[in-house]
Amino acid sequence: MALTAIGLCGRALIKIGATAIASFDDGSAEAEVASALYGPARDALLSANAWSFATLQANLPRLAVEPVADYANAFQLPTDFLRALGAGGTGRGRGLGYRIAGRALHCDSDQVTLTYVGRPDEEDFPPFFDQALIARLAAEFCIPLTESSSRAEALVGLAEAEFRRARQIDAQQDNQPGFEDFTLIDARA
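Residue numbers (this note's numbering): 89 to 277.
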């Protein structure tokens, strides 16, 4: 069953013994804490790994303003952009040299295809990521709601274990890229 942002926060609140919320605006301390901490915690966890479900590609629109130095062109980053994984030109998602500067990608190419970690809808999170995010949220919510630092430390440990487990599961969903342009392989031939 796909969870919403409220559902994910509700499960995290239940883990720390607090009351689940019906919305971020319900006026409770739980809703206030969840509203303040949910987005940053979600984005930090999404950015921490090249998750297969959050890896996207986009052809970037070129900006009229050129970079001041080092590169010839600037391109607008997608609105859901969290982290760059690679950039390429004309049908490739990697291979270009680039720099992220503010909300733009600078490079020397005239066209850019960006491979990046984006922000998918919560309903598209797989169950293993839900569990890692719920554990992370419980750790984040613990001190503001329970004032128990020892309990928060235990929840941080649980969140780290859930993160490692989620990364392992996610890594099994794709074949690993082989070596390309590796000089020792070329020397053998």
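Don't be surprised by glycine CBs; every beta carbon is placed ideally from N, CA and C.
To which residues of the same chain is residue i closer than 8 Å at the C-beta, ignoring the five residues directly before and after it?
i      : result
Leu91  : Arg99, Glu210, Glu211, Phe213 and Asp218
Gln145 : Gly181, Thr201, Leu202, Thr203 and Tyr204
Pro166 : Leu144, Ala146, Leu148, Leu202, Tyr204 and Gly206
Gly179 : Thr201
Terminal residues of the continuous beta strand (DSSP E) containing residue i?
i      : result
Phe216 : That residue, Phe216, is in no beta strand (DSSP E); its alpha helix (DSSP H) goes Pro215 to Thr234.
Ile109 : Here Ile109 belongs to no beta strand (DSSP E), and DSSP marks it neither H nor E.
Ala175 : Phe169 to Gly176
Ile188 : Tyr186 to Ala189
Ala192 : Ala192 to Cys195
Ala162 : Asn161 to Gln164
Gly179 : First-last for Gly179: undefined, no H or E at that position.
Gly206 : Thr201 to Gly206
Taking the beta carbon of residue i as the centre, do at least 16 other beta carbons fall within 10 Å, making it buried, or is it exposed?
i      : result
Ile104 : buried
Glu235 : exposed
Ala259 : exposed
Gly176 : buried
Val121 : buried
Glu241 : exposed
Ala110 : exposed
Ala157 : exposed
Ala160 : exposed
So, at 7 Å on beta carbons, what are the nonlocal neighbours of residue i in its own chain, with the 5 sequence-adjacent residues on each side left out?
i      : result
Gly174 : Gly181, Arg182 and Thr203
Cys97  : Ile109, Ala122, Tyr126 and Leu225
Leu168 : Rather than Leu, the amino acid found at residue 168 in this sequence is Asp. So the qualifying residues of the chain are Gly206 and Arg207.
Ala138 : Leu173 and Val205
Pro232 : Val121
Ala142 : Leu134, Val205, Gly206 and Pro208
Ala93  : Tyr126 and Glu210
Ser37  : Because the chain is modelled from 89 through 277, residue 37 falls outside the range shown and cannot be assessed.
Asp131 : Leu170 and Arg207
Along the alpha helix (DSSP H) that carries residue i, what are the first and last residues, could you check?
i      : result
Leu256 : As written in the sequence, residue 256 is Gln, which differs from the Leu given in the question. Here the alpha helix (DSSP H) through Gln256 covers Ser237 to Ala259.
Ala100 : Ala93 to Lys103
For residue i, collect the residues of the same chain with a Cβ closer than 6 Å to its Cβ; drop the 5 residues on either side in sequence, then sort them by chain order.
i      : result
Ala220 : Glu250, Phe251 and Ala254
Ala106 : Glu118 and Leu233
Arg171 : Ser135 and Val205
Ile188 : Ala172
Glu228 : Leu125 and Ala129
- Query: Does the region 191 to 203 come within contact of the region 223 to 238, defined as at least 3 CB pairs closer than 8 Å?
  - Reply: no
- Counting only runs that start and end within the region 127 to 159, where is the beta strand (DSSP E) found for 3 or more residues in a row? 143 to 147
- Query: Does the pairing of the region 236 to 247 with the region 151 to 168 give three or more beta-carbon distances under 8 Å?
  - Reply: no
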